[in-house]
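Q: Letter by letter, the sequence shown follows residues 192 to 331 of the numbering used here. Built from N, CA and C at the ideal position, the CB exists for glycine as well.
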Amino acid sequence: MKKIVLAIISLSLTSQFAFAKDRDVLKCDFTEPFITVVYNANTGLVTSSGMEERAEILSNDASLVPVDAEENGVVDSSYNLVDNTTGKTILSLKLSFKGSNGMSDHMYPFDGTYNDMLGGCSTKKAPAVEPYGLIESLTR
């Protein structure tokens, strides 16, 4: 009986860790000033760094929370990155496929708002794209 219980606990923990490994890292780029905010969904860690600064920890325990936002009768995909300890919103995201870091030609899947700055956010599964590079890959 003990072996069965241990096997169930082991499988439960293994599936939790396997799920956690599938989570992605969100990276948001902002200009004026140049700031990068990174959220690791595996650990809940959120950091912010500037051009020559060391990364500052914004939260050790954060998660994305869906926001009920409606525009012209259509519910959009908006999220807040919230510090689970304080309940404060660190970053707001909207899945628009029109995000921009304010400088490059890259199009980001997410619009990000951090401290009233607008930027572009991406993940490994949903990377920023350079539109002209996409067109070049289709032309001869």
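Thinking C-beta only, is serine 313 closer than 8 Å to tyrosine 299?
A: yes
Q: So the alpha helix (DSSP H) leucine 325 belongs to, where does it begin and stop?
A: 322-327
Q: Which residues in the same chain have their Cβ closer than 8 Å to the Cβ of leucine 249, if we skip the five residues on either side of it in sequence?
A: Val228, Val237, Thr238, Ser239, Asp274, Ile281
Q: Taking 8 Å as the threshold (C-beta atoms), are alanine 253 and tyrosine 230 in contact?
A: Yes.
Q: If you draw a straight line from the C-alpha of tyrosine 323 to the C-alpha of serine 291, how long is it?
A: 15 Å
Q: Candidates His297, Leu325, Thr330: which alpha carbon is nearest cysteine 165's?
A: Outside the modelled stretch of the chain, which goes from 192 to 331, sits residue 165, for which no answer is possible.
Q: Taking aspartate 215 as the reference, give the member of Thr222, Gly235, Phe225 with the closest Cα.
A: Gly235
Q: Taking only three categories from DSSP, how would you classify aspartate 274?
A: It is a strand residue.
Q: Do leucine 286 and serine 268 have their beta-carbon atoms positioned less than 8 Å apart in this structure?
A: Going by beta carbons, serine 268 and leucine 286 fall inside the 8 Å limit.
Q: In the DSSP output, which residue or residues are listed as bridge partners for aspartate 220?
A: Per DSSP, Thr227, Gly311.
Q: Taking buried to mean at least 16 other C-beta atoms within 10 Å of its own C-beta, is aspartate 213 buried or exposed?
A: It is exposed - the Cβ of aspartate 213 has fewer than 16 other Cβ atoms within 10 Å.
Q: Whose C-beta lies closer than 7 Å to the C-beta of glycine 241 among residues of the same chain, with five residues either side of it excluded?
A: Pro224, Phe225, Ile226
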